[in-house]
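Participant: Below is the structure I would like to discuss, written out as structure tokens.
Protein chains: 2
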Amino acid sequence: MTRIRAGLLLVALGTILGTLPFSAIAADDSRSMESVEAMPAGYRDWKLISVAHEEGSLNDIRAILGNEIAVNAYRNGVLPFPDGAIVARLAWRYIPSEENNRAFGRAQSFVAGEPTNVQFMIKDAKRYASTGGWGFVQFNDGKPAHMDAKACFACHVPVKDRDFLFTRYSP
Amino acid sequence: MTRIRAGLLLVALGTILGTLPFSAIAADDSRSMESVEAMPAGYRDWKLISVAHEEGSLNDIRAILGNEIAVNAYRNGVLPFPDGAIVARLAWRYIPSEENNRAFGRAQSFVAGEPTNVQFMIKDAKRYASTGGWGFVQFNDGKPAHMDAKACFACHVPVKDRDFLFTRYSP
Numbered sequence: 001m002t003r004i005r006a007g008l009l010l011v012a013l014g015t016i017l018g019t020l021p022f023s024a025i026a027a028d029d030s031r032s033m034e035s036v037e038a039m040p041a042g043y044r045d046w047k048l049i050s051v052a053h054e055e056g057s058l059n060d061i062r063a064i065l066g067n068e069i070a071v072n073a074y075r076n077g078v079l080p081f082p083d084g085a086i087v088a089r090l091a092w093r094y095i096p097s098e099e100n101n102r103a104f105g106r107a108q109s110f111v112a113g114e115p116t117n118v119q120f121m122i123k124d125a126k127r128y129a130s131t132g133g134w135g136f137v138q139f140n141d142g143k144p145a146h147m148d149a150k151a152c153f154a155c156h157v158p159v160k161d162r163d164f165l166f167t168r169y170s171p
Numbered sequence: 001m002t003r004i005r006a007g008l009l010l011v012a013l014g015t016i017l018g019t020l021p022f023s024a025i026a027a028d029d030s031r032s033m034e035s036v037e038a039m040p041a042g043y044r045d046w047k048l049i050s051v052a053h054e055e056g057s058l059n060d061i062r063a064i065l066g067n068e069i070a071v072n073a074y075r076n077g078v079l080p081f082p083d084g085a086i087v088a089r090l091a092w093r094y095i096p097s098e099e100n101n102r103a104f105g106r107a108q109s110f111v112a113g114e115p116t117n118v119q120f121m122i123k124d125a126k127r128y129a130s131t132g133g134w135g136f137v138q139f140n141d142g143k144p145a146h147m148d149a150k151a152c153f154a155c156h157v158p159v160k161d162r163d164f165l166f167t168r169y170s171p
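Protein sequence lines, in the order shown, are assigned to chains P and Z. Residue numbers for the first sequence, in full-length UniProt numbering: 1 to 171. Residue numbers for the second sequence, in full-length UniProt numbering: 1 to 171.
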């Protein structure tokens, strides 16, 4: 039981802001696996919502992008987000830039290295009714890596007032 | 003389990767001031090139966006960048996220706070022939803040092989 709880917590944390290898997902989570098998088309071209950095084991720097529906909702303060809104979290290894540091004359610059994984929150109030109307999916190297949407959702509940989205729009 | 050199260095560093108040630019740099008086239209909608974090006095987290010409050149490895390419550097205060940290159970999350300033590199091989074909401009609160393009350029020379752009495209 404790092991299962710990596993769920890991999945939840990975879901909110992290990267989690597929192997870390217990096989008995299959009941909540998402059926989204392909990354949303054109997500790399989407507009920027904001950026962030995670220390610790994640050790990444990340960008949060949104499709038109999501970005329009953010900019206009629309809550809840309309069906069709998709938020993408891209992340890359957080690495020092020796090149930049030389220009600055001191060690201060960190840039994006190799990509880690890509996560999406997909709004569909009916389909994902049990998880706040959001589907939670992730892809490693472009391939779907299953995750427990219920565990993801549990960690997003503290920001229910913002329709379960941690990220705020950066002007 | 030393003071002038130090000033130029500050301007150059601010130009590459930084934020620099208008008051830090010496009045005798007017000969090289840019005449770009408005931010390029729609820059906040541009596609993402990459992200970075600067420690030290800058203490920001940043996104580098590009217009269509710039992003296409990055993606297709076109060098030098064609006229009309514009690269935008947006930056925000680097702040811890208590909200995210609570979800993680540890202090590890940093997000974008208030915006600092926005800088652009604008490619026009003829107009900016003396600075590698790039114009260097910046805006504070949407208003042009003059900067010494020659000093900016001097710091970008080490990445001449990448057409003077420090930022690499993140997939």
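For each residue, glycine too, the CB sits at the ideal point set by N, CA and C. All of these numbers come straight from a predicted model, not from anything done at the bench.
Exposed or buried, residue 76 of chain P, counting other C-beta atoms within 10 Å across all chains shown (16 or more means buried)?
Facilitator: Taking all protein chains in view, the Cβ of residue 76 of chain P is surrounded by fewer than 16 other Cβ atoms within 10 Å, so the residue is classified as exposed.
Participant: Establish whether the CB of residue 138 of chain Z and some CB of chain P are separated by less than 8 angstroms.
Facilitator: Interface criterion not met: the Cβ of residue 138 of chain Z is under 8 angstroms from no Cβ in chain P.
Participant: Work out the CA separation of residue 161 of chain P and residue 169 of chain P for me, nearest whole Å.
Facilitator: 15 angstroms
Participant: Would you kindly report the start and end of the unbroken alpha helix (DSSP H) that includes residue 98 of chain P?
Facilitator: 98–104
Participant: Let's test the definition: count the other Cβ atoms within 10 Å of the Cβ of residue 23 of chain Z and tell me whether it reaches 16, buried, or not, exposed.
Facilitator: Residue placement at residue 23 of chain Z cannot be trusted, given a pLDDT of 29 that sits under 50; the coordinates are not used to answer.
Participant: Nearest chain P C-beta to residue 153 of chain Z closer than 8 angstroms, yes or no?
Facilitator: no
Participant: Please state the DSSP three-state secondary structure of residue 161 of chain P.
Facilitator: helix
Participant: Can you give the Cα-Cα distance for residue 91 of chain P and residue 82 of chain Z, rounded to whole angstroms?
Facilitator: A direct Cα-to-Cα measurement between residue 91 of chain P and residue 82 of chain Z gives close to 29 angstroms.
Participant: Listing by chain order, which chain P residues have their CB less than 8 angstroms from the CB of residue 108 of chain Z?
Facilitator: 54, 55, 56, 58
Participant: Below 8 angstroms between beta carbons: does that hold for residue 86 of chain Z and residue 117 of chain Z?
Facilitator: no
Participant: Can you tell me the Cα-Cα spacing of residue 181 of chain Z and residue 130 of chain Z, whole angstroms?
Facilitator: Residue numbering for chain Z in the displayed model covers 1 to 171; residue 181 of chain Z lies beyond these limits and cannot be assessed.
Participant: Residues in the same chain with beta-carbon distance under 7 angstroms from residue 48 of chain P, minus the five sequence neighbours each way, listed in chain order, please.
Facilitator: 63, 65
Participant: Closest to residue 119 of chain P by C-alpha separation, out of P:128, P:88, P:109, P:106, would be which residue?
Facilitator: P:88
Participant: Buried or exposed for residue 114 of chain P, going by 16 or more other Cβ atoms inside 10 Å?
Facilitator: exposed
Participant: Excluding the 5 residues preceding and the 5 following residue 60 of chain Z in the sequence, name in chain order all residues of the same chain whose CB lies nearer than 8 angstroms to its CB.
Facilitator: 19, 53, 54, 91, 92, 93, 94, 116
Participant: For residue 44 of chain P, which option in P:146, P:166, P:142, P:148 has the closest C-alpha, if you only look at C-alpha atoms?
Facilitator: Nearest C-alpha to residue 44 of chain P: P:142.
Participant: Whose C-alpha, out of Z:108, Z:165, Z:121, is nearest the C-alpha of residue 58 of chain P?
Facilitator: Z:108
Participant: Could you please give the first and the last residue of the uninterrupted alpha helix (DSSP H) stretch that includes residue 166 of chain P?
Facilitator: Premise fails: residue 166 of chain P is in no alpha helix (DSSP H) and is neither H nor E.
Participant: Between residue 97 of chain Z and the rest of its own chain, which residues show a CB-CB distance below 7 angstroms, the 5 nearest in sequence each way excluded?
Facilitator: 109, 110, 111
Participant: Assuming residue 144 of chain Z and residue 36 of chain Z make a contact with CB atoms under 8 angstroms, what is their CB distance in whole Å?
Facilitator: Yes, they are in contact, since the Cβ atoms of residue 144 of chain Z and residue 36 of chain Z sit about 7 angstroms apart, within 8 angstroms.
Participant: What are the boundary residues of the alpha helix (DSSP H) that includes residue 71 of chain Z?
Facilitator: 68–76
Participant: Could one say the Cβ of residue 98 of chain Z lies closer than 8 angstroms to chain P's Cβ atoms, at least one of them?
Facilitator: no
Participant: Which of the three DSSP states, helix, strand or coil, is assigned to residue 47 of chain Z?
Facilitator: strand
Participant: In terms of alpha-carbon separation, which member of P:42, P:104, P:50 lies closest to residue 166 of chain Z?
Facilitator: P:104
Participant: Mind pulling the chain Z residues with CB within less than 7 angstroms of residue 166 of chain P?
Facilitator: 99, 100
Participant: Mapping DSSP to helix, strand and coil, what is residue 57 of chain P?
Facilitator: coil
Participant: Quick one: complete alpha helix (DSSP H) runs, 4+ long, within the stretch 82–142 of chain P?
Facilitator: 98–104
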